[in-house]
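Protein chains: 4
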Amino acid sequence: MDKQPKFKRRAEARPDEVLDAALEMFLEKGFAAAKVEDVARRAGVSKGLVYLYFPSKDALLEAIVRRAISPVADSALAQLAVVEGDPRVALRRVIGALMVQLSDPQRMAIPKLILREAWQFPKVAEMYRREVLDRAIPAVTALLQRGMDQGYLRQLDAELTVRSLVGPIAVHLMLAEVFDIAPGDGLALERFMDNHLAILFDGLSAHPMEHGQ
Amino acid sequence: MDKQPKFKRRAEARPDEVLDAALEMFLEKGFAAAKVEDVARRAGVSKGLVYLYFPSKDALLEAIVRRAISPVADSALAQLAVVEGDPRVALRRVIGALMVQLSDPQRMAIPKLILREAWQFPKVAEMYRREVLDRAIPAVTALLQRGMDQGYLRQLDAELTVRSLVGPIAVHLMLAEVFDIAPGDGLALERFMDNHLAILFDGLSAHPMEHGQ
Amino acid sequence: MDKQPKFKRRAEARPDEVLDAALEMFLEKGFAAAKVEDVARRAGVSKGLVYLYFPSKDALLEAIVRRAISPVADSALAQLAVVEGDPRVALRRVIGALMVQLSDPQRMAIPKLILREAWQFPKVAEMYRREVLDRAIPAVTALLQRGMDQGYLRQLDAELTVRSLVGPIAVHLMLAEVFDIAPGDGLALERFMDNHLAILFDGLSAHPMEHGQ
Amino acid sequence: MDKQPKFKRRAEARPDEVLDAALEMFLEKGFAAAKVEDVARRAGVSKGLVYLYFPSKDALLEAIVRRAISPVADSALAQLAVVEGDPRVALRRVIGALMVQLSDPQRMAIPKLILREAWQFPKVAEMYRREVLDRAIPAVTALLQRGMDQGYLRQLDAELTVRSLVGPIAVHLMLAEVFDIAPGDGLALERFMDNHLAILFDGLSAHPMEHGQ
DNA sequence: CATGAATGAGTTTTCATTCAT
DNA sequence: AATGAATGAAAACTCATTCAT
Numbered sequence: 001m002d003k004q005p006k007f008k009r010r011a012e013a014r015p016d017e018v019l020d021a022a023l024e025m026f027l028e029k030g031f032a033a034a035k036v037e038d039v040a041r042r043a044g045v046s047k048g049l050v051y052l053y054f055p056s057k058d059a060l061l062e063a064i065v066r067r068a069i070s071p072v073a074d075s076a077l078a079q080l081a082v083v084e085g086d087p088r089v090a091l092r093r094v095i096g097a098l099m100v101q102l103s104d105p106q107r108m109a110i111p112k113l114i115l116r117e118a119w120q121f122p123k124v125a126e127m128y129r130r131e132v133l134d135r136a137i138p139a140v141t142a143l144l145q146r147g148m149d150q151g152y153l154r155q156l157d158a159e160l161t162v163r164s165l166v167g168p169i170a171v172h173l174m175l176a177e178v179f180d181i182a183p184g185d186g187l188a189l190e191r192f193m194d195n196h197l198a199i200l201f202d203g204l205s206a207h208p209m210e211h212g213q
Numbered sequence: 001m002d003k004q005p006k007f008k009r010r011a012e013a014r015p016d017e018v019l020d021a022a023l024e025m026f027l028e029k030g031f032a033a034a035k036v037e038d039v040a041r042r043a044g045v046s047k048g049l050v051y052l053y054f055p056s057k058d059a060l061l062e063a064i065v066r067r068a069i070s071p072v073a074d075s076a077l078a079q080l081a082v083v084e085g086d087p088r089v090a091l092r093r094v095i096g097a098l099m100v101q102l103s104d105p106q107r108m109a110i111p112k113l114i115l116r117e118a119w120q121f122p123k124v125a126e127m128y129r130r131e132v133l134d135r136a137i138p139a140v141t142a143l144l145q146r147g148m149d150q151g152y153l154r155q156l157d158a159e160l161t162v163r164s165l166v167g168p169i170a171v172h173l174m175l176a177e178v179f180d181i182a183p184g185d186g187l188a189l190e191r192f193m194d195n196h197l198a199i200l201f202d203g204l205s206a207h208p209m210e211h212g213q
Numbered sequence: 001m002d003k004q005p006k007f008k009r010r011a012e013a014r015p016d017e018v019l020d021a022a023l024e025m026f027l028e029k030g031f032a033a034a035k036v037e038d039v040a041r042r043a044g045v046s047k048g049l050v051y052l053y054f055p056s057k058d059a060l061l062e063a064i065v066r067r068a069i070s071p072v073a074d075s076a077l078a079q080l081a082v083v084e085g086d087p088r089v090a091l092r093r094v095i096g097a098l099m100v101q102l103s104d105p106q107r108m109a110i111p112k113l114i115l116r117e118a119w120q121f122p123k124v125a126e127m128y129r130r131e132v133l134d135r136a137i138p139a140v141t142a143l144l145q146r147g148m149d150q151g152y153l154r155q156l157d158a159e160l161t162v163r164s165l166v167g168p169i170a171v172h173l174m175l176a177e178v179f180d181i182a183p184g185d186g187l188a189l190e191r192f193m194d195n196h197l198a199i200l201f202d203g204l205s206a207h208p209m210e211h212g213q
Numbered sequence: 001m002d003k004q005p006k007f008k009r010r011a012e013a014r015p016d017e018v019l020d021a022a023l024e025m026f027l028e029k030g031f032a033a034a035k036v037e038d039v040a041r042r043a044g045v046s047k048g049l050v051y052l053y054f055p056s057k058d059a060l061l062e063a064i065v066r067r068a069i070s071p072v073a074d075s076a077l078a079q080l081a082v083v084e085g086d087p088r089v090a091l092r093r094v095i096g097a098l099m100v101q102l103s104d105p106q107r108m109a110i111p112k113l114i115l116r117e118a119w120q121f122p123k124v125a126e127m128y129r130r131e132v133l134d135r136a137i138p139a140v141t142a143l144l145q146r147g148m149d150q151g152y153l154r155q156l157d158a159e160l161t162v163r164s165l166v167g168p169i170a171v172h173l174m175l176a177e178v179f180d181i182a183p184g185d186g187l188a189l190e191r192f193m194d195n196h197l198a199i200l201f202d203g204l205s206a207h208p209m210e211h212g213q
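The following block contains the structure:
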């Protein structure tokens with residue numbers, strides 16, 4: 001996008017610039033349809049140079065994911081472990097953070113890419129699972145479990161409850177992204193979060209009813 | 001799969017057999033990676049025959065979706081319109097049906113395919129949106145809205161609430177499918193549904209709390 | 001074009017109908033680009049039937065030419081042999097006939113086809129040469145030669161003179177056909193023939209000049 | 001044909017080498033029958049390289065014609081405009097030049113290709129017409145017209161007369177080329193030209209006759 | 001380091017021809 | 001005789017990858 005400062009390349013940054021370009025192209029056209037030449041052109045380098053840094057097209061995908069994975073969770077997740085008192089405050093914060101992150105195209109890029117392509121690349125899927133999901137999900141699960149144990153939350157299956165927490169957000173973004181289905185006013189993130197949390201914490205029901213199965 | 005008896009071709013069924021094979025292959029390898037020859041072999045026919053019925057590989061994808069779309073929802077959706085009384089009963093039924101359907105690989109196939117490939121084929125995405133989502137979502141929205149108007153459900157944004165209804169299911173299945181992340185006992189659909197509905201109807205909270213933002 | 005009279009096919013006419021259709025298609029699209037199925041459809045029969053009558057696509061071309069060749073020249077050419085007196089009268093008649101024939105699309109079809117495709121099919125070229133050209137050219141050559149011998153025409157090379165007789169017509173039609181280059185008023189055959197004959201018989205020169213090489 | 005010294009590729013010349021090879025193959029086998037791989041092999045390069053320079057097989061044909069067209073006629077045609085005095089001298093020169101050019105296989109190649117294939121490719125036909133015919137024909141027409149106006153030539157239709165000038169040459173070469181019909185001694189260009197000019201200037205007739213019609 | 005010309009294996013697509021009915 | 005479903009060999013075109021410079 002921006003032409004590099006004439007000469008004197010920051011040689012160190014090169015591989016990263018290539019990965020940036022690759023990520024863009026893969027999102028735009030999909031991994032299979034994106035050509036290595038597209039990536040090179042977008043990065044402002046020659047096709048050959050891409051192969052100087054990465055041994056294959058597949059390796060590009062892997063590197064993209066690997067690079068994105070490292071810094072994950074370390075910050076946010078750590079906090080969850082030390083939450084005291086009502087976990088709903090923390091949950092509200094977690095969900096808010098999640099939503100903001102994912103509605104930022106930059107941040108959304110990796111999960112989107114993973115979801116689209118990962119199943120074709122078991123190595124990548126496995127990597128993402130191990131590094132991201134296997135850290136994030138247990139952390140949230142633990143937070144929920146603690147809330148249940150301490151009486152703040154009802155006794156439910158904490159592991160499954162994570163789905164109720166993340167699911168609506170994922171679907172909200174997917175509907176907008178893939179099918180261009182959104183409430184009248186764009187993503188309406190504020191409203192959506194309020195609605196989501198209202199249901200998540202207190203349910204849909206106006207009055208409790210006797211549940212029979 | 002089963003070799004038909006060499007001669008006596010059921011010509012009528014052929015296009016459908018090809019589409020079945022194509023669907024399988026596209027799911028297995030992805031649209032781009034699946035070769036037309038794979039599809040033909042899987043269908044037990046020659047490559048040429050595929051092109052006798054479908055003008056291009058793209059057309060296969062489109063035809064798969066088109067075929068799957070027609071019979072959608074007409075049955076289930078019709079019922080929603082006539083629900084009287086507490087909509088939670090209907091919702092429980094809808095969610096149950098949805099979950100059963102989607103956990104059936106046959107049924108899950110199309111949405112999975114769409115989600116993976118549709119964005120590359122705007123025509124397909126648009127078709128699916130128009131025929132499926134634009135019918136199903138308003139139907140559920142209306143059900144929820146009626147429930148709110150009649151005092152069974154709290155006053156929330158019905159349109160956004162649909163996400164809370166569907167989201168957890170989608171994510172539950174996706175985690176299992178893509179990342180092989182499932183509760184110890186497989187999909188645990190029964191348990192998952194109970195958990196989901198419990199939260200959806202009555203929330204996570206053990207005791208209501210004063211919501212501040 | 002016209003649907004055959006319901007049932008009771010004139011089975012004898014079939015091969016000819018196929019050839020008609022093939023000729024049309026070959027002219028329209030060229031031999032290589034015309035599909036056998038096109039021919040069949042145009043003839044109103046099935047692809048299989050074409051192969052019942054003709055062993056291959058090539059054979060269609062050959063048959064077209066063979067069929068067209070037989071009746072050629074037998075009529076007109078015979079007359080040339082018995083011409084007495086000033087051959088210019090006969091020439092005028094020959095050229096007129098030639099021009100009328102060739103300006104009739106039906107009649108022009110075969111030569112056009114030959115010219116376009118024959119060089120790819122030595123057998124066809126050879127057949128046409130043997131049956132048509134090797135008869136027509138000597139006949140005209142003889143006519144010219146007699147005219148020269150009898151003092152009606154100047155002593156020139158009769159064989160080469162045939163080119164001067166036919167060439168302008170061929171080019172006139174080709175320019176119109178291939179490049180859409182024609183005098184303002186369509187083919188203007190009358191005017192063209194007058195012009196052609198005027199030059200052919202009496203030359204361009206207003207006054208003879210001394211030819212030096 | 002000659003293997004270039006393995007390394008040291010003259011990248012500049014490549015597209016032209018490919019076009020040369022393509023021209024040869026198209027003439028040899030016809031556009032439809034010539035395979036891109038044939039062209040590549042003939043040019044001593046790989047199939048892929050052909051597509052590196054030309055987006056499609058069609059584009060090869062177009063490029064061949066386009067390349068050949070540019071330098072046309074600019075030299076020879078310019079001279080015609082300034083002819084003074086008896087135009088027959090100029091005509092003799094024009095016809096001679098034309099004949100020499102067209103009997104040179106290199107030079108004949110393009111018109112031959114055009115005549116065989118152009119009608120399938122309207123773009124090509126149109127290009128050739130515009131760039132070559134629409135320049136050459138009017139130039140010769142003007143020359144003839146001037147000759148008529150100045151009393152050197154009889155008053156005839158100059159536009160149609162062009163056909164009488166070019167036609168015999170075209171047919172002479174075509175007969176030889178397509179049907180292998182030539183006077184005993186090869187093309188006999190000298191003799192043919194003498195014969196052609198003799199008729200063209202002074203006609204066939206030994207003595208003028210009273211034209212009727 | 002960097003380039004981009006060059007390759008060739010791999011894919012989609014076409015279509016003459018066959019053959020069971 | 002007639003059909004048209006089915007085949008498969010062949011051709012156009014693509015693109016990841018290499019390598020001489």
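Protein chains in written order, with the UniProt record's numbering: chain A, 1 to 213; chain B, 1 to 213; chain C, 1 to 213; chain D, 1 to 213.
Glycine included, C-beta positions come from ideal geometry on N, C-alpha and C.
query, result
"For R42 of chain C, which residues of its own chain have a beta-carbon under 7 Å away from its beta-carbon, when the five flanking residues on both sides are left out?", "A21, E24 and M25"
"Is it buried or exposed, K35 of chain A, if we count other Cβ atoms within 10 angstroms and call 16 or more buried?", "exposed"
"My assumption, with CB atoms under 8 Å, is that I169 of chain D sits in contact with M99 of chain D. Please give the rounded CB distance.", "6 Å"
"Using a Cβ-Cβ cutoff of 9 Å, what residues of the segment 163-182 of chain A are near chain B? List them in chain order.", "R163, S164, L165, V166, G167, P168, I169, A170, V171, H172, M174, L175, E177, V178, F179, D180 and I181"
"Mind checking if A142 of chain D is an interface residue toward chain C, Cβ cutoff 8 Å exclusive?", "no"
"For R154 of chain C, go through chain D and note every residue whose CB falls closer than 9 Å to its CB, in chain order.", "A198, I199, D202, G203, L204, S205 and A206"
"Measure from the alpha carbon of P138 of chain B to the alpha carbon of each residue in A:A182, A:H196 and A:K47, then state which is nearest.", "A:A182"
"Mind checking the segment 91-123 of chain A against chain B and listing, in chain order, the residues whose C-beta falls within less than 9 Å of any C-beta there?", "L91, R92, I114, L115, R116, E117, A118, W119 and Q120"
"So, helix, strand or coil for E205 of chain B, using DSSP?", "With the sequence shown as reference, residue 205 of chain B is identified as Ser, and Glu is not the correct amino acid for it. Residue state, collapsed to three classes: strand."
"Quick one: what does DSSP say L187 of chain C is sitting in, helix, strand or coil?", "coil"
"Using a beta-carbon distance cut-off of less than 7 Å, what residues from the UniProt domain \"HTH tetR-type\" (12-72) of chain C approach chain D?", "G30, A32 and A33"
"Could you name the residues that DSSP lists as bridge partners for L153 of chain A?", "B:S205"
"Taking G85 of chain C as the query, report the chain D residues whose CB atoms sit under 8 Å from its CB, ordered along the chain.", "Result: empty, since nearest Cβ-Cβ is about 11 Å, beyond 8 Å."
"With DSSP collapsed to three states, give me the class of K35 of chain C.", "coil"
"Taking its Cβ as the centre, do 16 or more other Cβ atoms sit within 10 Å of A97 of chain A, making it buried, or is it exposed?", "exposed"
"Helix, strand or coil: how does DSSP classify V162 of chain B here?", "helix"
"Ends of the alpha helix (DSSP H) at F26 of chain A?", "R14 to K29"
"Taking only beta-carbon atoms, is L133 of chain D less than 8 Å away from chain C?", "yes"
"Would you mind telling me which residues of chain D sit closer than 7 Å to A125 of chain C, beta carbon to beta carbon, in chain order?", "V178 and F179"
"Using the beta-carbon of each residue, which ones in chain B are nearer than 9 Å to R191 of chain A?", "D157 and L160"
"For E84 of chain D, which of helix, strand or coil comes out of DSSP?", "coil"
"Determine the DSSP secondary structure at F54 of chain B, reduced to helix, strand or coil.", "coil"
"Distance, Cα to Cα, H196 of chain A vs G184 of chain B?", "27 Å"
"According to DSSP, is D181 of chain A helix, strand or coil?", "Correcting the residue type first, residue 181 of chain A is Ile in the shown sequence and not Asp. Coil, per DSSP."
"For M193 of chain C, does the count of other Cβ atoms within 10 angstroms reach 16, so buried, or fall short, so exposed?", "buried"
"Under 8 Å, Cβ to Cβ, is there at least one residue of chain A near G151 of chain B?", "yes"
"What residues from chain B crowd round R129 of chain A, counting only those whose CB sits closer than 8 Å?", "F179, D180 and I181"
"If contacts are defined as beta-carbon pairs under 8 Å, then R88 of chain A and Y152 of chain A qualify, I think. What distance do you get, rounded to the angstrom?", "7 Å"
"Got a sec: is the Cβ-Cβ distance from N195 of chain C to anything in chain D below 8 Å?", "yes"
"Is the beta carbon of G147 of chain D sitting closer than 8 Å to the one on L200 of chain C?", "no"
"Counting only the same chain and skipping the five closest in sequence on each side, list residues whose C-beta sits under 7 Å from that of L189 of chain C.", "M99 and S103"
"Against chain C, does P138 of chain D count as a neighbour if the rule is that its beta carbon must be under 8 Å from one of theirs?", "no"
"Could you check if R130 of chain B is buried or exposed, using at least 16 other CB atoms within 10 Å of its CB as the buried criterion?", "exposed"
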